[in-house]
Amino acid sequence: MSTDALTFPADFTFGVATSSYQVEGGIENDWAEWERAGKLKEPDVRCGRAVDHWHRYEEDYGLATDVGATAFRISLEWARIEPERGRYDAVALEAYRERLLKMKARGLRPVVTLHHFTHPAWFHRETPWHQPASVDAFRQYARRCAELLEGLDALVISFNEPMVLLLGGYLQGAIPPGIADGALTMRAMENLVRAHVASREELLARLGRVELGISQNTLAFAPDRWWHPLDRALVRLGAQAYNHAFHEALVTGKLRVNMPGVASTRVDIPGARDSVEFIGVNYYTRAHLRFVPRPPFIEFKYRDILGRGLTDIGWEDWPEGFLQSLREVKRYGLPVWITENGIDDRAGERRPHYLHTHLAQVLAARRLGVDVRGYLYWSLLDNFEWLEGWGPRFGLYHVDFDTLERRPTPACDYFRAVATSRRLVAPATQAPLASQPSAAR
Ligand code: IFM
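Residues in the sequence shown are numbered from 1 upward in steps of one, following the numbering used here.
Here it is in structure tokens:
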């Protein structure tokens with residue numbers, strides 16, 4: 001390989017990603033209610049103080065700059081900002097503003113997500129996503145967020161992984177609000193697109209210009225039985241609905257979903273056309289789809305076909321799919337940001353290799369003309385992993401969940417070496433043999 005093939009350009013951004021509920025601690029919202037109702041995989045688990053980023057944020061900014069990061073992704077917690085409908089908390093707004101200013105002062109470009117899965121507890125009772133009132137509720141909240149972002153040159157993400165919210169919260173009922181209804185899923189999806197447009201209007205009104213996108217969880221889909229026409233059809237329809245419908249709506253203004261027997265919609269959303277400046281890609285793994293002859297007609301699984309070993313959360317380590325996903329978003333003709341990519345590696349040994357193989361795909365995508373501008377590792381810190389609770393460890397820094405002490409994993413050195421030299425160096429050690437997920441948990 002030539003030197004260029006291993007080099008990131010000088011303006012390529014290396015950064016780290018977090019979300020409010022997973023790291024801050026002390027938040028009362030719909031997820032806190034969900035936990036109290038015993039709806040996580042282990043019913044006694046609570047997020048609680050999370051990893052206390054709310055009080056340790058300055059230390060955490062230092063951890064990020066120590067590994068050479070120049071961007072830091074956070075999310076704003078709607079429940080802190082608007083704990084009761086229509087009442088905005090001046091103390092929380094001031095606290096967020098101070099955090100963002102300090103972040104910027106330390107040379108970290110703020111990447112700010114307005115919505116990362118969580119809602120104030122009142123939201124689902126008063127203005128749930130399947131009702132039109134949700135759009136104005138989000139607009140009012142976004143207006144306050146816009147005030148926080150003045151003068152920061154932030155990269156802004158309206159929604160993190162809206163398809164995960166919809167599938168988990170509206171189709172399967174596994175996460176808040178716990179609805180399982182295909183028609184309501186589509187109403188909610190339409191309103192999420194409208195809410196994105198409303199937030200854009202508020203951001204533009206306040207800031208004059210904005211770099212706005214969504215973070216889309218992007219899966220590399222494959223047929224479970226390569227020869228089976230229905231598995232292959234599911235891959236086509238699934239990739240279109242899951243990976244592309246949102247991006248497409250925000251680029252063309254047309255929202256199109258066609259999952260026969262599950263959920264479908266065809267609607268044009270005013271203002272949605274050209275409503276993003278970049279495409280946000282969160283990439284983790286590949287999923288195999290199999291047709292089953294009963295609702296919901298799809299079975300979904302992770303497989304370890306090449307014997308690389310599943311990651312500790314049970315996902316396939318499939319860097320090749322990262323390139324596939326990046327090539328697919330080239331069609332939108334917009335800059336691309338990797339807003340998340342990472343591995344649950346509880347022993348902390350596989351992460352350097354994972355970073356190496358995935359960053360190699362980012363370089364390959366750039367060589368093929370995909371305009372990837374930045375890479376944000378998920379996550380700076382081990383944190384609260386939603387339904388999975390405290391088992392998974394995605395952090396560059398290991399966190400002792402009792403003492404909250406942060407300790408570098410071997411991936412910190414590797415990340416720093418690449419981020420500061422801008423060269424895709426080889427990791428110091430070979431990838432260890434994959435651990436068995438069951439043993440690691
Ligand atoms: O922890 C999550 C994050 O909140 C959204 N993207 C995937 C991560 C790992 O599951």
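Glycine is no exception: its CB is placed at the ideal position from the N, C-alpha and C atoms.
- Taking every protein chain shown into account, the CB of R187 has 16 or more other CB atoms within 10 angstroms, so this residue is buried.
- With a minimum length of 4 residues, the unbroken runs of alpha helix (DSSP H) contained wholly in the stretch 67 to 114 fall at 78 to 81, 90 to 105.
- Apart from sequence neighbours up to five positions away, the residues of its chain that approach P128 with a beta-carbon distance below 7 Å are S134, P177, ordered along the chain.
- In this structure, the beta-carbon distance from D52 to E24 falls below 9 Å.
- Listed in chain order, the beta strand (DSSP E) runs fully inside the stretch 5 to 38 are 13 to 17, counting runs of at least 3 residues.
- If you look at R225, you'll find it isn't in any beta strand (DSSP E); DSSP assigns it neither H nor E.
- Distance from the CA of F291 to the CA of S264, rounded to the nearest whole angstrom, comes to 18 Å.
- When rounded, the separation of the alpha-carbon atoms in F278 and R194 is 18 Å.
- For K330, the three-state secondary structure derived from DSSP is helix.
- Residue pairing for S215: DSSP places it in a beta bridge opposite N160, G280.
- Non-local C-beta neighbours of A180 in its own chain, meaning closer than 7 Å and more than five positions away in sequence, comprise L171, Q172, G173, ordered along the chain.
- When secondary structure is reduced to three states using DSSP, R351 falls in the helix class.
- Shown here, N191 sits in a helix according to DSSP, grouped into three states.
- Separation of Y88 and A137 (C-alpha to C-alpha, rounded to the nearest whole angstrom) is 12 Å.
- Not one heavy atom of the ligand IFM falls within 8 Å of the beta-carbon of V425.
- Leaving aside the five residues that flank R200 on each side, the residues in its chain whose CB is nearer than 8 Å to its CB run, in chain order, S158, V210, L212, G271, S275.
- At a Cβ-Cβ threshold of 9 Å, G391 and R346 count as neighbours.
- Within the same chain, F384 come within 6 Å of C47 by CB-CB distance, once the 5 residues on both sides are set aside.
- Spatial neighbours of H398 in its own chain (CB-CB distance under 8 Å, excluding positions within 5 residues in sequence) are listed in chain order as G348, D382, R406, R407, P408, T409.
- For the pair of segments examined, the stretch 409 to 423 was found to touch the stretch 5 to 14: the number of CB pairs separated by less than 8 Å reaches three.
- Contact annotation: Y141 and W54 have beta-carbon atoms that are not nearer than 9 Å.
- Taking 8 Å as the cut-off, one finds at least one heavy atom of the ligand IFM near enough to the beta carbon of Y284.
- Note that the C-beta distance between R303 and H288 is below 9 Å.
- Taking W378 as the centre and dropping the five residues before and after it, the same chain places the C-beta of A17, E340, N341, G342, F394 closer than 7 Å to its C-beta, in chain order.
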